[in-house]
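Asks: The sequence shown begins at 55 in our numbering and counts up one residue at a time.
So that we are looking at the same thing, I have put the structure below in structure tokens.
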Amino acid sequence: MLRGLARAAAQGHGALWARGSGSLAGVLTHVVDLRSDTVTKPGPAMRHAMAEAVVGDDDYGEDPTVRELQAKAAELLGVERTLFVPTNTMANLISVMCHCRRRGSQLLLGQECHLHVYEQGGVAQIAGVHSHPLPDLPHGTLDLAELERLITRGLGSPYHPVCELICLENTHSSSGGRVLPIEYLRQVHLLARSYGVRVHLDGARLMNAAVALRVPPARIVEHCDSVSLCFSKGLGAPVGALVGGPKDFIEDAWRLRKALGGGMRQAGVLAAAALVGLADTEEVLLRDHQNAQRFAKGLQELASPVCSVEAPVETNMVMVRVDGLPPDELCRRLQAVSADEVAQGCCCSPGPSGQCAPCGTAMSQCRTLNWR
């Protein structure tokens with residue numbers, strides 16, 4: 055579809071596009087939803103694990119499946135303990151509240167990071183923590199010299215907030231899923247420790263970073279004082295996240311989870327899905343990364359006057375810049391197939407045998423799109 059979009063836009067043949075709602079001229083279409091990695095749905099194995107999960111009352115710490123997940127995740131992340139929570143937004147808020155116990159404490163973070171932009175300012179409205187956003191560098195990092203300047207400005211000053219915490223995001227979603235280098239994380243942690251400041255890692259997509267760097271997740275987390283990890287993105291679970299850190303930190307986090315309404319009862323049904331997601335993480339995420347890179351490469355090869363890829367593709371995100379088309383027209387074209395594609399008789403719809411219904415080839419070899 056994007057090939058036809060570029061061709062039609064370049065030649066002014068907008069009339070060649072026809073809206074499709076499952077079929078066009080008798081040709082079935084297959085829609086791939088690429089809005090976010092959060093639109094995944096549990097597969098048969100995950101649904102079976104959820105249905106068969108052994109459960110207890112997690113609010114009493116008695117759910118065996120939750121306890122299994124927390125123990126496995128702690129080992130994976132290289133932390134003393136973890137705590138299962140409903141969302142990564144809650145995981146981040148709990149972590150900030152654990153580190154910044156005094157109202158008016160200062161938090162340093164990137165101005166485009168998820169915690170600052172997409173979490174309703176919860177650290178301010180709920181925790182009473184002052185966020186100081188810094189410009190994000192292209193790789194999703196923050197300038198070390200500026201971090202140090204802002205930390206030291208509050209030392210001994212009756213006028214400035216005291217910096218308690220630095221928050222980093224890895225991978226960095228607004229930068230296109232960029233991976234923070236381990237050496238950079240080490241430098242930030244050394245800087246923070248020298249001034250008694252702690253580092254929290256928003257690791258919603260931490261597993262993507264680990265797969266991209268080809269290192270165990272613990273190699274990334276060792277340079278942080280706490281970490282969050284989301285299960286409902288690339289890992290494919292319907293809900294759930296973790297907070298990870300030292301034993302006393304997680305004890306505080308448990309109390310805050312309760313205060314924020316995040317305590318759950320028979321949560322093993324959800325933890326079972328997360329365990330399935332963790333089981334084949336490397337294989338699934340590596341395939342996601344490869345597909346994203348193939349998609350970006352295909353867009354670049356179009357040399358389209360309409361669509362271009364903005365940033366290097368390191369993980370599972372492709373940031374596409376669209377010029378010259380209003381949003382409604384772009385959406386209309388993305389919902390359509392071109393006349394040329396109809397004539398070719400291939401719209402990449404899987405048939406009963408797993409082959410492309412229109413062209414008869416295996417879906418993995420279909421000339422138009424590898425739908426998997």
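Here a beta-carbon is modelled for each residue, glycine too, at the ideal position from N, C-alpha and C.
Keep in mind that this is a model prediction, so the values were computed, not measured.
Name the one or two DSSP bridge partners that T136 has.
Replies: Numbered from its first residue, the sequence shown carries residue 136 at position 82. Looking at the DSSP assignment, T136 forms a beta bridge with G298.
Asks: Starting from G257, follow the beta strand (DSSP E) in both directions and report where the run begins and ends.
Replies: The residue labelled residue 257 in the question sits at position 203 within the sequence shown. Element bounds for G257: R252 to G257.
Asks: Are the segment 133-143 and the segment 303-317 touching, with three or more C-beta to C-beta distances below 8 Å?
Replies: Cβ pair count under 8 Å is three or more, so yes.
Asks: Could you compute how far the alpha carbon of D197 sits from the alpha carbon of E223?
Replies: Counting from 1 along the sequence shown, the entry for residue 197 is found at position 143. Counting from 1 along the sequence shown, the entry for residue 223 is found at position 169. Straight-line Cα distance between these residues: approximately 14 Å.
Asks: Give the DSSP-derived three-state secondary structure of H153 in the structure shown.
Replies: On the sequence shown, residue 153 is found 99 positions in, with the first residue counted as 1. Looking at H153 - three-state DSSP - the assignment turns out to be helix.
Asks: Could you spell out the range, first to last residue, of the beta strand (DSSP E) harbouring G164?
Replies: Locating residue 164 in the sequence shown gives position 110, where the first residue counts as 1. Start and end: Q160 to G164.
Asks: Here's the rule: buried if 16 or more other CB atoms are within 10 angstroms of the residue's CB, otherwise exposed. What is D91?
Replies: The count along the sequence shown starts at 1 and reaches residue 91 at position 37. With 16 or more other Cβ atoms within 10 Å, it is buried.
Asks: Take T335 as the anchor and find which of V363, R268 and G299 has the nearest alpha-carbon.
Replies: Residue 335 sits at position 281 when you count from the first residue of the sequence shown. T335 has its Cα closest to that of R268, out of V363, R268 and G299.
Asks: Let's see if you can read the secondary structure: which residues bound the beta strand (DSSP E) around I220?
Replies: Sequence index remark: in the sequence shown, residue 220 carries index 166 (1-based). From DSSP, the beta strand (DSSP E) with I220 extends over C217 to E223.
Asks: Taking only the alpha-carbon atoms, compute the straight-line gap between A165 and E364 and give it to the nearest angstrom.
Replies: One-based indexing of the sequence shown puts residue 165 at position 111. One-based indexing of the sequence shown puts residue 364 at position 310. First, the residue type needs correcting, since residue 165 is Gln and not Ala in the sequence shown. Cα to Cα, Q165 sits roughly 19 Å from E364.
Asks: Closest to R240 by CA distance: which of L289, P140 and R273 is it?
Replies: Mapped onto the sequence shown, residue 240 falls at position 186. When each option's Cα is compared against that of R240, the closest is R273.
Asks: Would you call G250 buried or exposed, if buried means 16 or more other Cβ atoms sit within 10 Å of its Cβ?
Replies: In the sequence shown, counting from the first residue as 1, residue 250 sits at position 196. It counts as exposed.
Asks: Please report the distance separating the alpha-carbon of V129 from that of A390.
Replies: Looking up residue 129 in the sequence shown gives position 75. Looking up residue 390 in the sequence shown gives position 336. First, the amino acid is wrong: residue 129 is Glu here, not Val. Those two C-alpha atoms are separated by around 47 Å.
Asks: If you draw a straight line from the C-alpha of L332 to the C-alpha of S211, how long is it?
Replies: Indexing the sequence shown from 1 puts residue 332 at position 278. Indexing the sequence shown from 1 puts residue 211 at position 157. Answer to the nearest angstrom: the Cα atoms are 46 Å apart.
Asks: Which one of T141, L379, G298 and E106 has the shortest CA to CA distance from G322?
Replies: As a working mapping, residue 322 is identified with position 268 in the sequence shown. Out of T141, L379, G298 and E106, E106 has the C-alpha closest to the C-alpha of G322.
Asks: Mapping the DSSP letters down to three states, classify C401 as helix, strand or coil.
Replies: On the sequence shown, position 347 is the one that residue 401 refers to. Any reading at C401 must be qualified, since the residue scores a pLDDT of 49, below 50, and its modelled position is unreliable; the value itself is stated next. In the structure shown, C401 sits in coil (DSSP, three-state: anything other than H, G, I, E or B).
Asks: In the DSSP output, what is S282 paired with across the bridge?
Replies: Within the sequence shown, residue 282 is the residue found at index 228, counting from 1. Answer by DSSP bridge pairing, in chain order: D256 and V297.
Asks: Name the one or two DSSP bridge partners that A99 has.
Replies: Translated into positions along the sequence shown, residue 99 becomes position 45. Answer by DSSP bridge pairing: none, since A99 is not bridged.
Asks: In the structure shown, what three-state DSSP assignment does A307 receive?
Replies: One-based indexing of the sequence shown puts residue 307 at position 253. Looking at A307 - three-state DSSP - the assignment turns out to be helix.
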